[in-house]
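Have a look at the structure below before the remarks.
Residue numbers (full-length UniProt numbering): 1 to 651.
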């Protein structure tokens, strides 16, 4: 019989498997119990939730109610605050702006905020009443504000004294101690021609004019801003215009600006009018570069931020003063043309061109368009009138029919007038060139000016030729032309006209002067020189005769020689008496002409005395015939062309 063998590993494995089955059974039992319990909880929770739902609904409603109450309280607080703000603003506004302008302006801002609030909140029973009250209060506030603006502006709007205006000018342009409205001589402004007027450099010499204290301008700006926001632009414009325009007009009146009609200007004597034009030039410079510029700065600061209103206020404020100034210039430009007006017209044209940059800057903007156009229109009219006057002058020179007698053959007043006129023109070269540029198409302005100047000179010569024909003595005709053309040449050589007319013109006219001098010498002295010739001194009949040296005086009749000396003496004395009354005003030309006469007369006289003098000296009373030595003649020649009167004794 065999023995059974047991495996220990297998027994252990079986035991563990049995334990695992037992554990799984217990776990399943527990799971089933938990599921049963949880199912019971679910049923009870569902029942609880059902029971709690009404409570949750009531709690949510209560929370919503609390939120609504909070919102209502906050809204009520805002409303109450607005009521309080309105009461505070009302209290400040009722006090008026004079004591505390800053608080007053702040109250107006608060009141506007109050109005905006109640305008957007229409649900309040008392809202309309509050709104009406606020609007009424705002209207009163703005009315007081307008009055405050008017009073503040008026209290600091005083006419500017002339001395304050002068202090703003560059040193070189300030008048001396003359009274306002009388600024030096009639060319006080006109001597500062555009050759020296570079606008950029000149402007730097001007000082700013303070019309209203800087500390007041921000207050006026704040007041103006409130009025604009209230829609009171027109009231603001009216107050500013009425106040400041009066200041500008009165300031100019104190300076010397007059209100003159075209009829007043036309009735004035030229000397009076010329002085007023000189002053007007000064007034225009001060008005535009100092007074209007200062007013523009004031206007810009008060109306800062309101461009169209700013420009309109300034335009209406300055319009009357500008119009008054321009009307005088316009009356001159449209007055009857005459040569003496050319220079003042050029002076006026120069100042209008000088102030043009300031006009464009100060009177900028659409509202000032009419003022700008009026100013530039006057500039063009002055240019046109000046050019026409310039043209008239050339015609007037050629057609001058004055009967001014120049009995001594000296320089005619017309010549000196025209030459001085031309010399003055060269002080206005740049201005004249500007005129040519405006009215002439193409061409170089220098050559145009030269052409016009040559035409004037030629017109003068043509007129002088006509005037020279009035002389009965042909010698005086040539002396007259010699004097006048020499005066022209000398004046041109000593002025800027030489560069313009050129050396050819000068040399050509110097030759003309010499030609007239030669013609004078030939006509005046040919007859007396014939007396000193041997021709006709021989006698076929009786009478003593003396042979000359070398036989040159052979056959000369003493009687004829005596007669020849008598004729010479009479002719020379007649020439001396007549030509010592004639005039050669230029010292160099006078000496040159005397020398030219002496060079032909004295050698001929010495030769005649040497040859025929012994024939007379050997007879009776030789001094009756040979009255003058060559030295006597030379001395008497030095009295020629001195312009002596008939009764003036000899030297």
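Cβ atoms here follow ideal geometry from the backbone N, Cα and C, with glycine treated the same way.
All values reported here derive from a predicted model rather than from experimental measurement.
Where does residue i sit, in a helix, a strand or coil, going by DSSP?
i	result
residue 538	strand
residue 548	Low local confidence applies: a pLDDT of 46 at residue 548 is under 50, so the model's placement there is unreliable, with the coordinate-based value given in what follows. Residue state, collapsed to three classes: coil.
residue 583	strand
residue 176	coil
residue 171	helix
residue 76	The pLDDT assigned to residue 76 is 48, lower than 50, so where the model puts this residue is not dependable; a value taken from the coordinates is nonetheless given after this. It is helical.
residue 308	helix
residue 197	For residue 197, the predicted model reports a pLDDT of 45, less than 50, meaning its position is unreliable; a value from the coordinates is still stated below. It is coil, neither helix nor strand.
residue 327	helix
residue 240	helix
residue 16	helix
residue 408	coil
residue 592	helix
residue 202	Model confidence at residue 202 stands at a pLDDT of 46, short of 50, so the residue's coordinates are unreliable and nothing is read from them.
residue 228	helix
residue 33	helix
residue 597	helix
residue 161	coil
residue 22	helix
residue 257	coil
residue 336	coil
residue 605	helix
residue 186	Legend: pLDDT at residue 186 = 40, less than 50; position of this residue unreliable, no value from coordinates given.
residue 364	coil
residue 627	coil
residue 144	helix
residue 59	helix
residue 50	helix
residue 192	Because the pLDDT of residue 192 is 46, which lies under 50, any placement of that residue in the model is unreliable, and the number read from its coordinates should be weighed accordingly. Residue 192 falls in the coil class under three-state DSSP.
residue 181	The predicted model places residue 181 with a pLDDT of 46, which falls under 50 and marks its position as unreliable; any figure quoted below should be read in that light. If DSSP states are grouped into helix, strand and coil, residue 181 belongs with coil.
First and last residue of the alpha helix (DSSP H) that includes residue i?
i	result
residue 431	429-439
residue 509	497-531
residue 380	369-399
residue 283	270-286
residue 480	474-493
residue 470	Per DSSP, residue 470 belongs to no alpha helix (DSSP H) and is neither H nor E.
residue 621	Segment: none, residue 621 is in no alpha helix (DSSP H) and carries neither H nor E.
residue 293	293-302
residue 267	262-267
residue 654	Because the chain in this structure spans residues 1 to 651, residue 654 falls outside the shown range and cannot be described.
residue 413	413-425
residue 713	Any answer about residue 713 is impossible in this case: the structure gives the chain only from 1 up to 651.
residue 635	630-637
Check the C-beta distance from residue i over to residue j and give it rounded, since I have them as a contact under 8 Å.
i	j	result
residue 378	residue 304	At roughly 31 Å, the Cβ-Cβ gap does not stay under 8 Å, so residue 378 and residue 304 are not in contact.
residue 409	residue 583	6 Å
residue 619	residue 558	6 Å
residue 657	residue 596	No answer is possible for residue 657: it lies beyond the span of the chain, which begins at 1 and ends at 651.
residue 529	residue 600	7 Å
residue 575	residue 602	At roughly 14 Å, the Cβ-Cβ gap does not stay under 8 Å, so residue 575 and residue 602 are not in contact.
residue 345	residue 386	4 Å
residue 666	residue 427	Outside the modelled stretch of the chain, which goes from 1 to 651, sits residue 666, for which no answer is possible.
residue 376	residue 325	That belief does not hold up - the Cβ atoms of residue 376 and residue 325 are roughly 14 Å apart, past 8 Å.
residue 343	residue 260	Wrong, their Cβ atoms sit about 21 Å apart, outside the cutoff.
residue 613	residue 626	6 Å
residue 239	residue 153	7 Å
Just grab the DSSP bridge partners of residue i for me.
i	result
residue 642	583
Would you say the beta carbon of residue i comes nearer than 7 Å to a heavy atom of the ligand GTP?
i	result
residue 161	The model depicted lacks the ligand GTP and carries no ligand whatsoever.
Counting pairs of Cβ atoms below 8 Å between the region 482-491 and the region 418-430, do you hit three or more? The answer is yes - the region 418-430 touches the region 482-491, with three or more Cβ pairs under 8 Å.
Spell out a yes or no on whether the region 202-219 and the region 162-179 are touching, meaning 3 or more CB-CB pairs, one atom from each, closer than 8 Å. yes
When the Cβ atoms of the region 495-515 are set against those of the region 465-472, are three or more pairs found closer than 8 Å? no
Taking one C-beta from the region 248-266 and one from the region 276-296 each time, how about it: are there three or more such pairs within less than 8 Å? yes
Assess, as a yes-or-no matter, whether the region 477-489 is touched by the region 400-416 under the definition of 3 or more beta carbon pairs within less than 8 Å. yes
Given 8 Å, three or more beta-carbon pairs between the region 303-321 and the region 218-228: yes
Any contact between the region 345-356 and the region 431-441? By contact I mean 3 or more CB pairs, one from each, below 8 Å. yes
Count the CB pairs spanning the region 353-373 and the region 330-340 that are closer than 8 Å, and state whether there are at least three. No, the region 353-373 does not touch the region 330-340.
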